[in-house]
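First to last, the protein sequences are chains A and B.
One point on numbering: in my numbering, the residue at position 35 of the first sequence is 35, and numbering is uninterrupted.
Each number in my numbering comes from the position in the second sequence (counting from 1) with 339 added on.
These notes are about the structure you will find just below.
2 protein chains.
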Amino acid sequence: MINLYPGPSKLNPSIATFLSHLPDVVSMNHRSDLFMELYQSVKDKFFHKFQVPSDYTLAFVSSATECWEILAKTYPTEHFSHISNGAFGNKWHQVNINKGIKTELINFDINSLPEVKTYQKGIVCLTHCETSNGTYLPKETLDNLNKQNPESLLAMDATASLGGIHINFNNIDITFASVQKCLGLPAGLGLLILSPRAIEKAKNLNQNSSYNTINNIVNNANKFQTTHTPNILNIYVLNNLLNVLENTLEAEQNLRQRFSEIQSKYDLKLLAENQEVQSPTVLAIKSDEPNELINTCYQEGIVIGKGYGKWKSNSIRIANFPAHTMDELDMALKIISRY
Amino acid sequence: MINLYPGPSKLNPSIATFLSHLPDVVSMNHRSDLFMELYQSVKDKFFHKFQVPSDYTLAFVSSATECWEILAKTYPTEHFSHISNGAFGNKWHQVNINKGIKTELINFDINSLPEVKTYQKGIVCLTHCETSNGTYLPKETLDNLNKQNPESLLAMDATASLGGIHINFNNIDITFASVQKCLGLPAGLGLLILSPRAIEKAKNLNQNSSYNTINNIVNNANKFQTTHTPNILNIYVLNNLLNVLENTLEAEQNLRQRFSEIQSKYDLKLLAENQEVQSPTVLAIKSDEPNELINTCYQEGIVIGKGYGKWKSNSIRIANFPAHTMDELDMALKIISRY
């Protein structure tokens with residue numbers, strides 16, 4: 001089965017080889033030196049390959065969904081501005097609403113970029129790639145939002161981009177993602193990358209009532225430990241994967257090239273028509289008969305995604321992640337372009 | 340390296356074979372039929388093998404630590420009575436203290452059983468096997484506590500017992516455990532088993548402000564779905580493992596037999612001298628020179644555990660989990676009994 005679903009998706013093909021031999025560290029106590037060495041190794045390789053500033057902190061959590069909660073618990077007295085054009089950005093806002101946090105939802109059109117201005121001081125929440133509609137925030141927009149909001153923390157959900165679109169971590173204080181999309185790992189591990197400013201603000205607010213507030217997470221991360229027994233198997237796989245993954249500049253270039261090739265080969269109607277906002281990682285394609293199309297693909301051994309949120313009945317979605325190949329995409333797109 | 344650590348410990352030897360081939364489901368979307376079938380399969384096998392009543396609910400979470408938080412978020416207005424004789428039971432109490440929940444800590448001696456009486460109405464919190472000192476709560480104590488507290492929910496941390504000591508789920512409303520101990524799985528998955536009464540009480544309190552309150556968890560579990568992207572790889576491994584695991588009555592009998600054999604072969608001074616409370620799954624052994632002993636074992640290729648909490652400087656701990664063999668334990672115990 002070819003998996004082009006834009007959620008948990010095709011695994012990086014190297015993973016089976018890493019798993020054929022399970023070394024001691026996989027069964028090891030997460031307080032052991034062996035685990036702490038593994039943690040440090042992942043951090044070093046990740047920071048090098050993804051160009052993360054050396055004074056940032058990498059933490060292992062369980063999912064990106066958990067990160068929405070972590071931020072609400074860590075900064076409960078801050079104002080959260082949610083800049084969103086789709087279902088996942090809106091969901092994050094709803095998490096804060098449910099917790100009674102001061103929050104504002106700033107919606108923008110899927111064919112536009114969000115307004116670059118100074119938002120209310122606090123946490124400015126961004127979704128790098130909005131998986132529900134296949135749009136993303138280009139580098140310049142992120143850079144400018146950062147410049148215009150020097151007194152706020154920028155927090156970004158990078159679930160459908162980390163490992164596929166290069167991130168300038170200098171401009172983002174809080175980045176989080178799951179590993180089952182552009183990194184091609186099995187689901188069940190979240191990564192949280194924090195700037196010194198994000199950590200400083202957490203210290204000042206001093207929220208420690210949950211094991212997974214940023215204060216508690218960072219106190220452990222500083223010792224290469226975790227607040228809970230983490231997904232060691234996935235951390236071990238990630239450590240190996242970081243030896244073979246391309247850096248994100250190369251990965252992004254390859255995805256963009258394939259995305260262009262797809263657009264020139266197939267006459268696809270993407271939900272967002274403005275090329276500037278089309279994410280190279282997730283293609284949300286207009287379809288009048290999405291269910292029939294999904295079933296036809298499935299019968300041909302290809303899993304594609306339904307539409308999501310308000311685009312559920314008029315679109316389908318496919319992933320263009322680094323683990324995928326042009327041949328796999330071609331198989332799906334030949335069917336899709338017939339509809 | 341032989342891993343006798345009573346935390347994440349030796350993996351079940353079958354696991355490498357399950358991982359040598361990664362089927363479609365491992366990379367599959369957690370909203371897909373394939374994942375839901377996997378969830379149902381694990382539930383059916385688990386309930387059959389562990390004799391869980393059919394009207395109970397099985398949920399996948401990220402760790403037992405998370406479960407402490409889940410209960411606090413789900414039942415914040417209830418009174419929590421923590422019956423504890425060690426570091427992990429006390430930690431659970433501290434989690435509720437930090438959250439400002441009405442709570443009482445009822446400590447008992449490590450050579451005694453807790454008092455069987457009617458505790459204040461609310462949630463009665465128990466630690467099945469207290470990993471810090473190698474004691475456990477025998478079946479009769481649990482049955483009697485249940486009888487004496489008909490108006491409360493009994494909640495039990497079964498982290499160092501699930502899969503190694505048989506649990507009468509009829510008498511426990513909320514059971515939770517990680518999978519890296521007696522089940523012999525890699526770390527990074529928590530199991531939460533709920534009675535209809537626990538779910539009913541959660542419904543009445545109607546706490547929905549976090550994705551992982553029991554209400555939200557159960558609404559998903561009823562559809563064989565999860566509130567977040569779960570550790571699908573571990574769930575897949577668990578599904579395979581349940582085909583080969585002994586049932587818990589057999590597993591407990593085997594561990595007890597090995598525990599007796601150990602005690603007759605070696606002159607061990609356990610922290611708890613009262614045989615009635617000694618857990619067959621974790622041996623906390625008195626030692627005057629724990630660090631030297633741990634180092635000697637390590638040089639011989641054997642990982643054993645330090646003492647924990649107030650027994651840190653006068654004990655060591657070893658696991659007697661189903662994945663271990665008598666030969667592995669013998670290697671460690673020959674060294675330990677020389678000290």
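Where is the CB? At the ideal position from N, CA and C, for every residue including glycine.
Distance, Cα to Cα, residue i vs residue j?
i                 : j                 : result
Gln-278 (chain A) : Glu-376 (chain B) : 35 Å
Ile-165 (chain A) : Leu-607 (chain B) : 58 Å
Lys-91 (chain A)  : Glu-66 (chain A)  : 13 Å
Met-670 (chain B) : Val-381 (chain B) : 35 Å
Ala-198 (chain A) : Asn-204 (chain A) : 10 Å
Leu-533 (chain B) : Leu-410 (chain B) : 11 Å
Asn-570 (chain B) : Arg-677 (chain B) : 42 Å
Lys-384 (chain B) : Asn-342 (chain B) : 28 Å
Tyr-266 (chain A) : Leu-329 (chain A) : 11 Å
Phe-447 (chain B) : Ile-422 (chain B) : 7 Å
Thr-635 (chain B) : Asn-485 (chain B) : 44 Å
Ala-160 (chain A) : Ser-654 (chain B) : 48 Å
Gly-301 (chain A) : Asp-363 (chain B) : 11 Å
Leu-270 (chain A) : Gln-263 (chain A) : 10 Å
Asn-291 (chain A) : Phe-374 (chain B) : 19 Å
Lys-139 (chain A) : Ala-516 (chain B) : 43 Å
Val-116 (chain A) : Leu-137 (chain A) : 12 Å
Measuring CA to CA, which of the options is closest to residue i?
i                 : options                                       : result
His-48 (chain A)  : A:Ile-167, A:Asn-149, A:Ser-9 and A:Gly-7     : A:Ile-167
Asp-512 (chain B) : B:Glu-469, B:Leu-610, B:Ala-497 and B:Leu-493 : B:Leu-493
Ser-210 (chain A) : B:Asn-435, B:Thr-664, B:Met-367 and B:Asn-368 : B:Asn-435
Ala-64 (chain A)  : A:Lys-286, A:Asp-143, A:Pro-150 and A:Val-179 : A:Val-179
Leu-444 (chain B) : B:Ile-574, B:Glu-600, B:Gln-433 and B:Asp-383 : B:Gln-433
Gln-564 (chain B) : B:Ile-354, B:Asp-372 and B:Pro-352            : B:Asp-372
Ala-398 (chain B) : B:Thr-356, B:Gly-529 and B:Glu-479            : B:Gly-529
Arg-317 (chain A) : A:Gly-188, A:Thr-17, A:Gln-299 and A:Ile-294  : A:Ile-294
Asp-394 (chain B) : B:Gly-461, B:Ala-560 and B:Leu-361            : B:Ala-560
Gly-100 (chain A) : A:Leu-113, A:Ser-112, A:Gly-89 and A:Thr-77   : A:Thr-77
Val-282 (chain A) : A:Thr-213, A:Gly-89, A:Thr-248 and A:Cys-182  : A:Cys-182
Asn-551 (chain B) : B:Trp-407, B:Pro-362 and B:Leu-358            : B:Trp-407
His-30 (chain A)  : A:Val-218, A:Lys-223, A:Gly-188 and A:Ile-110 : A:Lys-223
Ser-62 (chain A)  : A:Pro-290, A:Thr-296 and A:Ala-187            : A:Ala-187
Asn-586 (chain B) : B:Gln-390, B:Asn-547 and B:Asn-630            : B:Gln-390
Cys-468 (chain B) : B:Glu-631, B:Ala-426 and B:Asn-485            : B:Ala-426
Thr-396 (chain B) : B:Glu-600, B:Glu-479, B:Leu-584 and B:Thr-514 : B:Thr-514
Val-303 (chain A) : A:Gly-309, A:Trp-311 and A:Ile-335            : A:Ile-335
Thr-325 (chain A) : A:Asp-288, A:Asn-254 and A:Phe-18             : A:Asn-254
Asn-545 (chain B) : B:Thr-413, B:Leu-358 and B:Leu-361            : B:Thr-413
Thr-470 (chain B) : B:Pro-661, B:Glu-539 and B:Gly-648            : B:Gly-648
Val-583 (chain B) : B:Met-340, B:Pro-661 and B:Gln-379            : B:Pro-661
Glu-589 (chain B) : B:Gln-638, B:Leu-501 and B:Lys-625            : B:Leu-501
Bridge partners of residue i, per DSSP?
i                 : result
Tyr-339 (chain A) : Answer by DSSP bridge pairing: none, since Tyr-339 (chain A) is not bridged.
Phe-660 (chain B) : DSSP, once it has assigned bridges, lists no residue as partnering Phe-660 (chain B).
Asn-3 (chain A)   : A:Val-303
His-82 (chain A)  : A:Leu-105 and A:Cys-125
Gln-617 (chain B) : B:Thr-474
Phe-399 (chain B) : B:Leu-530
Lys-201 (chain A) : Answer is none; Lys-201 (chain A) lacks a bridge partner.
Gly-517 (chain B) : Looking at the sequence provided, one finds Ser at residue 517 (chain B) rather than Gly. BP columns for Ser-517 (chain B) point to B:Gly-529.
Met-156 (chain A) : A:Leu-126 and A:Thr-175
Compute the beta-carbon to beta-carbon distance between residue i and residue j, rounded to the nearest angstrom, for a pair I have assumed lies under 8 Å.
i                 : j                 : result
Ser-652 (chain B) : Gly-644 (chain B) : Not a contact, Cβ separation roughly 14 Å.
Thr-474 (chain B) : Asn-424 (chain B) : 6 Å
Thr-227 (chain A) : Asn-216 (chain A) : 5 Å
Pro-8 (chain A)   : Met-367 (chain B) : 6 Å
Met-495 (chain B) : Leu-531 (chain B) : Not confirmed; about 11 Å, so no contact.
Asn-133 (chain A) : Ala-272 (chain A) : 6 Å
Excluding the five sequence neighbours on either side, which residues of its own chain have a C-beta within less than 7 Å of the C-beta of residue i, listed in chain order?
i                 : result
Asn-488 (chain B) : Thr-457, Tyr-458 and Val-463
Phe-259 (chain A) : Pro-280 and Asn-320
Leu-333 (chain A) : Ile-262 and Tyr-266
Got a sec? Which residues, its chain only, sit under 8 Å from residue i by beta carbon, not counting five neighbours each side?
i                 : result
Arg-256 (chain A) : Pro-280
Leu-185 (chain A) : Leu-11, Asn-12, Ile-15, Val-179, Asn-234, Val-237, Leu-238 and Leu-241
Ser-81 (chain A)  : Thr-103, Glu-104, Ile-106, Tyr-119, Gln-120, Gly-122, Ile-123, Val-124, Cys-125 and Ser-152
Gln-275 (chain A) : none
Phe-508 (chain B) : Phe-389, Gln-390, Val-391, Pro-392, Tyr-395, Thr-514, Ile-532 and Ser-534
Asp-288 (chain A) : Asn-314 and Tyr-339
To which residues of the same chain is residue i closer than 6 Å at the C-beta, ignoring the five residues directly before and after it?
i                 : result
Leu-142 (chain A) : Asn-171
Glu-151 (chain A) : Lys-121
Leu-113 (chain A) : Thr-141
Ala-541 (chain B) : Thr-413, Ile-553 and Asn-554
In chain C, which residues lie less than 7 Å from residue i when you measure between Cβ atoms?
i                 : result
Met-375 (chain B) : Absent from the structure is chain C; the protein chains it does hold are A and B.
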